[in-house]
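These notes are about the structure you will find just below.
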Amino acid sequence: MLGEQLLPAIPLRYRALVGLAAGTGLRWGECVGLRWDAVDLDAGLVRVVRVAVEVAGTVTAKPFPKSKAGRRTVPLLPAVVQLLAEHSRQFASGPLGEVFTNQAGGPLRRTLFRARVWRPALVRAGLLGKVVEVGPRSYFAAWPDTTGLEWSAEFPTEREAVAHVAKNAAGGLRFHDLRHSYATWLVSSGVPINDVQKVMGHEQASTTLNRYTHGSDDRDARIRNALAAFLLPEAATDRSGNAEGPSEEGP
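Position in the sequence shown (first residue = 1) + 463 = the numbering used here.
This is the structure we're talking about:
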């Protein structure tokens with residue numbers, strides 16, 4: 464589940480980012496472009512008023528989201544409020560008040576986040592391939608390729624094994640799947656379509672209906688069923704291995 468498996472596997476610096484995306488349905492650019500002036504932890508609300516855009520490795524902030532409907536206010540689950548509050552105490556904001564930055568204080572880059580943070584976390588959480596300690600300085604790794612064939616190898620360190628599986632395994636949850644599953648969860652829980660439309664930032668209700676009222680696959684079900692874990696007062700044991708994330712320049 465998200466709260467018991469994936470979140471503890473995410474480095475602490477990026478845990479609130481993943482929790483926010485899963486608990487609000489915000490897009491990647493909306494999360495990265497979020498500044499503290501748009502967050503009201505006391506009221507449990509976040510205002511989506513700007514978006515970060517990445518072009519050729521350069522991230523810039525735009526004052527308006529994807530569309531007029533994208534400017535919206537989204538309620539925060541209590542545990543997401545807690546994650547954000549803890550994040551604000553532990554990590555400095557960016558130069559313009561950005562909530563999420565890399566270790567150097569710069570903007571997050573999607574491709575690097577996926578390679579260095581997201582996919583390794585999926586492996587550590589047991590959601591992509593498998594890494595098992597089989598002896599002193601020996602870690603067995605297994606991963607599927609695009610044809611479904613499973614490959615395996617042994618590595619001297621867990622870090623090397625995780626990195627290899629993260630790089631070579633086919634499939635796996637995408638960051639955007641958090642948004643999709645959040646919307647599907649709302650619809651399945653009986654939230655009126657027009658309300659779902661507003662919090663998702665869709666211009667037309669038909670977009671919400673077409674995308675999120677069909678039957679969800681196993682991937683959506685796993686995340687949707689796990690959203691309740693955000694109500695837990697404490698996360699499960701940390702499995703990220705490094706609170707700050709990758710030791711090299713962050714994404």
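All C-beta atoms in this analysis are idealised placements derived from N, C-alpha and C, irrespective of residue type, glycine included.
Looking at the DSSP output, Gly598 bridges to Ser601.
Per DSSP, the unbroken alpha helix (DSSP H) holding Ser651 starts and ends at Phe638 to Ser651. Scanning its chain for C-beta atoms nearer than 6 Å, with the 5 sequence neighbours on each side dropped, one finds around Ser615 the residues Ala605, in chain order.
Following the DSSP letters along the chain, one finds Trp614 in no alpha helix (DSSP H) but inside the beta strand (DSSP E) bounded by residues Glu613 to Phe618.
The residue from Val595, Leu559, Val509 and Leu480 with its alpha-carbon nearest to that of Leu546 is Leu480. For Ala515, the enclosing beta strand (DSSP E) starts and ends at Val514 to Val518. The three-state reading of DSSP puts Pro541 in helix, counting H, G and I together.
Boundaries of the alpha helix (DSSP H) around Arg573: Arg573 to Phe576.
Leu591 and Arg582 do touch by the CB rule: their CB atoms are close to 7 Å apart, below 8 Å. In the structure shown, Ala506 falls within a coil segment according to DSSP collapsed to helix, strand and coil.
Approximately 12 Å separates the beta-carbon atoms of Leu508 and Pro541; this is outside 8 Å, ruling out the contact. When the Cα atoms are used, Arg498 and Glu561 turn out to be separated by approximately 4 Å. The C-alpha of Ala484 is placed about 16 Å away from the C-alpha of Asp503. Annotated as proximal: Pro619 and Arg600, with beta-carbon spacing under 7 Å. In chain order, Val509, Arg510, Val511, Val512 and Arg513 place their CB closer than 8 Å to the CB of Ala501, counting only its own chain and leaving out the 5 sequence neighbours on each side. Under DSSP, Glu561 forms a beta bridge with Arg498. Secondary structure note for Thr523: its beta strand (DSSP E) is the uninterrupted segment Thr521 to Lys525. Contact check for Pro607 and Ala632: beta-carbon distance about 6 Å, within the 8 Å limit, so the pair qualifies.
Under the three-state reduction of DSSP, Thr610 is assigned to coil, being neither helix nor strand.
Here Tyr477 is near Val580, since their CB atoms are less than 7 Å apart. Within 10 angstroms of the beta-carbon of Arg490 lie 16 or more other beta-carbons, which makes it buried.
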